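*Asks:*
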Amino acid sequence: MNLTVYLRRGCGFAQGLTSFLNALGVPHRTVNIDQDPAAKKSVAAIGGKREETPFVDFGDGKLLKMPTNQEVYERLQSEKAIPPA
Numbered sequence: 007m008n009l010t011v012y013l014r015r016g017c018g019f020a021q022g023l024t025s026f027l028n029a030l031g032v033p034h035r036t037v038n039i040d041q042d043p044a045a046k047k048s049v050a051a052i053g054g055k056r057e058e059t060p061f062v063d064f065g066d067g068k069l070l071k072m073p074t075n076q077e078v079y080e081r082l083q084s085e086k087a088i089p090p091a
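With the working numbering applied, the sequence shown covers 7 to 91.
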């Protein structure tokens, strides 16, 4: 699984999500949308003008807007990226 977290500098929700992924030991990459115009455009198309973050791509190209840690956890389990609880 190629998990990508799209974030903005200083976003507490994104920081919380990346800390959660780190605690689970889930490999992921982060993309700062303020430094990547193409990523910012993709996020803006889904998120509207405000571009709230985080957005998460589980490798399928579909961005999830501001998922909760529980939603991410359940998706990781369904993708068998982490063992069942």
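Backbone N, C-alpha and C fix where the C-beta goes; we use that ideal spot for every residue, glycine too. In this text the structure is predicted, and so the values were computed from the model without any measurement.
#1: Kindly indicate which three-state DSSP category R35 falls into: helix, strand or coil?
#2: What would DSSP say about K47, mapped onto helix, strand or coil?
#3: Along the chain, where does the beta strand (DSSP E) that runs through T10 open and close?
#4: Quick one: what does DSSP say F64 is sitting in, helix, strand or coil?
#5: For T10 and R35, which I take to be in contact (beta-carbon distance under 8 Å), what is that distance rounded to the nearest angstrom?
#6: I'd like to know whether the C-beta atoms of L69 and V37 end up nearer to each other than 8 Å.
*Replies:* Quick look at the numbers:
#1: strand
#2: helix
#3: The continuous beta strand (DSSP E) containing T10 extends over residues 10-13.
#4: Reduced to three states, the DSSP call for F64 is coil.
#5: Yes, T10 and R35 are in contact; Cβ-Cβ is about 5 Å, under 8 Å.
#6: No, these two residues do not count as a Cβ contact at 8 Å.
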